[in-house]
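Heads up, the thing below is written out as structure tokens.
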Amino acid sequence: MAGNGLSYSEQGGEAAPELAQEAAPTTAPSAPAAFGLFSSDTKKNEDLKQMLESSKDSAKLDAMKRIVGMIAKGKNASELFPAVVKNVASKNIEIKKLVYVYLMRYAEEQQDLALLSISTFQRALKDPNQLIRASALRVLSSIRVPIIVPIMMLAIKEASSDLSPYVRKNAAHAIQKLYSLDPEQKEMLIEVIEKLLKDRSTLVAGSVVMAFEEVCPDRIDLIHKNYRKLCTLLVDVEEWGQVVIIHMLTRYARTQFVSPWKKDDDDVVEEYNENNFYESDEEQKEKDWKVKKTYVMDPDHRLLLRNTKPLLQSRNAAVVMAVAQLYWHLAPKSEAGIVSKSLVRLLRSNREVQYIVLQNIATMSIQRKGMFEPYLKSFYVRSTDPTMIKTLKLEILTNLANEANISTLLREFQTYVKSQDKQFAAATIQAIGRCATNITEVTDTCLSGLVCLLSNRDEIVVAESVVVIKKLLQTQPSYHGEIIKHMAKLLDNITVPVARASILWLIGEYCERVPKIAPDVLRKTAKSFTNEDDLVKLQILNLGAKLYLTNSKQTKLLTQYVLNLGKYDQSYDIRDRTRFIRQLIVPNEKSGALSKYAKKIFLAQKPAPLLESPFKARDHFQLGTLSHTLNSRAAGYLELSDWPEVAPDPALRNVDAPEAAKEWTVFLGKTKKEKPTEKFYSESEEEEDESASTSATESESGSESEKEDKEEGSSDESSGSSSSSEESSDSESESKESTVKKTSRTAEKSDSEDIKKKAKRITKKRNTSSSSDSESSSSEESSSDSKSESDLRSDSESGKSGRATSSKKEEKPIQDRKAPNKKDVFLLDLDDFYPVTSPLSVPAAAVLSPSLAADLEGLSLSGSSVIDVTTQVFVPTKTHELLHRMSGKGLAAHYHFSRQPCIFGDCTVSVQVTLTNTTDQKIKNIHIGEKKLPPGMRMHGFNPIESLEPEGSITVSMGIDFCDSTQTASFQLCTRDDHFNVNIQPPVGELLLPVTMSEKDFKKEQGMLTGMNETSATIAVAPQNSTSLVIIERVVKAANLGVVPSGQDNIHRFAAKTVHSGSLVLVTVELKESSTAQLIINTEKTVIGSVLLRELKPVLSQG
């Protein structure tokens, strides 16, 4: 039975009920659970192997759950590797996920078996499910065999261009594994890192910076263009990514900005003379006068400090510590103090976090005491603190001691000395000694207190007191002859070697002040010489030598006796010291010239010891690093460079205009074959003119188009890209791009006449079929998975650069198009304010050359989704109170969300504010004052209202970019005489734009937003809410969603895009039996998805 018990425990707790139920039929060994229960040790896990070989997916799934449960409990499941790896090609998605979880754990141990399935992993890299693609890459990078390095390299390159940010994140993780396996791949990996650094996804940012720090931390040039983007994204990156990015940006900032720590509060004094252009240096010196040139912080330096400040409120201690070290190393000294409160808050965490935080505070408090003085009581020692924490708190209290608080601290120290923790009591005595040295006013008080401790019963306390008193007496020995006499009396009772040695050193050093006691002490110690510790023996020899030189009459024989004892001591240190002293102090014919100076050598005045903090030596290490904690340089530590004297050119961080190149597009109808397409060579002048007139609204269209790529899963399948230049698309490899360029160059040279004709034909087609083009262009707008810098730039820039790089041969057709398009722009159609609603004009279908078509095969071209923003289904009438008339002194304000296109920009939500004057007097100069907005949020206020008549009312428009969050926009509503703090908080449903699409496209997009991107709940639906009209009415009333046609009566579908990023939000309401319904929301914005789910549940369930 012992064997059976062991087998039972190995199955994991989850299987216990199952085993108990199926244990009865012992004669049926085919029952997997019973077999596992009664098997011997040699056959353990056989039931799991049988279940994995079963033809039923349910059995395989149960087996995999139990195996993963075993791994989670720390049990070894490696022997099941052959059985598990057979299921790697399973068609069941749940089984496949668990198999990959298992393989990630054991692929490195079972490399040979894992290699057999490498073709399966490669196929899985093309799987439609993002979790499978990511897991396959993780398993592949876990097989650490040099022979598969090229396969891994190819997989990483492809994954870095994947549509899913989760897969791109795993590509960044794989970079580090590949680099550790084969450092020779560094150059190719740097190219992938450079590509991923341009990624706009917060999911990817932390991982790629970690890869950057591992592979090429010295390549600062890769960060220049991405610096501002990283600063902006920082607040939304996951916590451990934030830590890595902050440390990297700290190093970056120390190389790119000048020091903000100049003397005299950043004022630099320099000579100035208004006539210095004409006069010589001597004349200047006579007439010059000094002005102060104040330090001005670089805007990028300020951007970093401003964007990291909110992270001081993070729940993650590592993030807070990272921001604290950034402010310590980068911020002006006047601003660094803001981190102190956050660090003190961390002292409520567990003891490990406290230890690290206190170590860093100890280093900070040495240089800038003022930062932590207000929080002095937070560092008082608690009885429950472990010794390591107590010692660090004591260190900080000692650093913070000054004339104002020393009396309080000394009372605190008196309590600590009585502690049962002897190590801590000894450290307290050392702290008292340091306070006495640093603050001269309390030196005498501390000395008298330490002398009182000499009568303590605890030997360790007495010994430490002796050592500290010895150091203090060196600073002013002339006043303390009585203390030396008192300590000489203690010599008989003290046994601790360090304390005995300290007393002997003191008596020997100041033997002339105690001429009667010193010889007697030597007599007593000579008796016990052979039994003393080596440290004490050395001091006895020193005492004898000093007394021989100052009082040879009384001590000559005693000294010779001690020297004879030392001559035959077992320790060679003692023997050497004895021979040295004898030759030096006892004159004979062999004595050298040094004997004349023996007294000067032994009794020379020694400098007083400097009592310093042990943390002073750590300040050359970066705070928060392992090297700082260990006080020793750890492997992989990257030193902070000194501030440059002159800052490098800040223009390096400017994002360049994209290099527009030839555009290739393919138009694929839903039921038609591929149409032959023609080459197109330039952006139309229309785009340039539009960008000039609507630059304010299109300034962020680049970032929106990047987000669209993630929503439109089939944009990878829709051909073409918004810009085919070398930098504009991450989805195409370098080889494909070079092929495109070669093809286009060849075409330009050979077909110059044909080009003119084709360009004219395309111009006509564009003018006559703009409507059909615009419909298809929303899906064809972008095919890249992870956009590069071109995504960050406005359409106006791409229009200009496209025109600049186009050939002269196409100028004529462009001019032909110019005039009519200007008229279209001046019509100011409201749709123009949303780039997503009014897709960019894309050239008509063009012919791809055979070579280019072959290169583009990897894009798996198929029918693309057509997703257009539509008008709102429901206009809400509900208003929210912005300012009550009592609070506003007669001025009342209400607001509501109009769900109309906002005139202030394509990323802003339109808010209608109604202002009412309830008084009998005019209210003048109503305007918006100070704005207190979260990072990234922008607000466009209304124009000031000169006056509002009594009982009058006016409605004005505002635009707020909420950055796809429900955070409150706080600002001041001001009149001529007053200002009132008001807030606008949007419901999550108002952060959406309704879109229309076919049911087929909806299902396709939904299939690409599963797993982490899906949230669902089952709700009880009131009977009166179960009809289609009521469901649609209630859902669109709660959220700005578009209705998607559905072929099933019990399923209702809704779709929208987020206003700021353009991420797709898909809502499905499926009515079930017994008055229940399943509510499913698919979106990359998981936070928005969960909040929307919470808001829609009561809407559908209430009566």
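Using our numbering, the letters of the sequence shown map in sequence onto residues 6 to 1108.
Ideal Cβ placement from N, Cα and C applies to all residues, glycine included.
Source: prediction; values computed, not measured.
Distance between Ser-600 and Asn-556, taken at the CA atoms: about 17 Å. Secondary structure of Met-963 (DSSP, three-state): strand. A straight line joining the alpha-carbon of Leu-628 with that of Met-393 spans about 19 Å. Membership of Val-1048 in the beta strand (DSSP E) is indicated by the continuous run 1047-1049. Ser-952: member of the beta strand (DSSP E) spanning 950-953, first to last residue. Residue pairing for Glu-487: DSSP places it in no beta bridge. The Cβ atoms of Asp-969 and Thr-1088 do not sit closer than 7 Å to each other. The straight-line gap separating the alpha-carbon atoms of Asp-305 and Ala-327 is approximately 19 Å. Between Asn-404 and Ala-367, the alpha-carbon positions lie close to 8 Å from each other.
When the alpha-carbon of Arg-416 is set against those of Lys-427, Pro-265, Leu-402, Gln-425, the nearest one is in Leu-402. By alpha-carbon distance to Gly-1016, the top candidate from Ala-68, Val-172, Leu-85, Ile-499 is Val-172. Here the C-alpha atom of Val-503 lies approximately 18 Å from the C-alpha atom of Phe-429. Shown here, Tyr-900 sits in a strand according to DSSP, grouped into three states. Excluding residues up to 5 positions away in sequence, Val-249, Met-253 lie with their Cβ nearer than 7 Å to the Cβ of Glu-218 in the same chain.
Put simply, the region 563-571 does not touch the region 464-483. Fewer than three CB pairs are less than 8 Å apart. Secondary structure remark: continuous alpha helix (DSSP H) runs of at least 4 residues inside the region 568-593, in chain order: 577-590. Spanning the alpha carbons of Gly-79 and Tyr-642 requires a straight line of approximately 32 Å.
For Ile-148, the closest C-alpha among the options Asn-536, Glu-340, Asp-187, Glu-163 is that of Asp-187. A direct Cα-to-Cα measurement between Tyr-577 and Leu-452 gives close to 37 Å.
For the 7 Å CB-CB criterion, Arg-110 and Ile-76 form a contact.
DSSP places Cys-221 outside both helix and strand once states are collapsed to three, so it counts as coil.
Annotation for Pro-87: no beta strand (DSSP E) segment contains it, though the alpha helix (DSSP H) segment containing it runs 86-90. With 16 or more other Cβ atoms from the protein chains shown falling within 10 Å of its own Cβ, Gly-513 counts as buried. For Val-422, the closest C-alpha among the options Ser-470, Asp-52, Cys-440 is that of Ser-470. Bounds of the alpha helix (DSSP H) holding Leu-509 are 502-514. Ile-1024 is positioned such that its CB atom lies closer than 7 Å to that of Leu-1084. Taking C-alpha positions only, Gly-895 is separated from Lys-937 by approximately 24 Å. Between the region 959-979 and the region 921-937 there are three or more inter-stretch CB-CB distances shorter than 8 Å, so the stretches are counted as touching.
Per DSSP, the beta-bridge partners of Leu-978 are Ile-933, Phe-985. Boundaries for Ile-444: no beta strand (DSSP E) harbours it, and the DSSP string shows neither H nor E there. Around the CB of Asn-922, 16 or more other CB atoms lie within 10 Å, so the residue is classed as buried. In this structure the region 916-930 touches the region 943-961; the number of beta carbon pairs closer than 8 Å is three or more. Counting every other CB atom within 10 Å of its CB across the protein chains shown gives Glu-400 a total of 16 or more, marking it as buried.
Collapsing the DSSP output to three states places His-252 in a helix.
C-alpha of Phe-967 to C-alpha of Ser-146: approximately 39 Å in a straight line. Of the other Cβ atoms in all chains shown, 16 or more fall within 10 Å of the Cβ of Glu-163; this residue is therefore buried.
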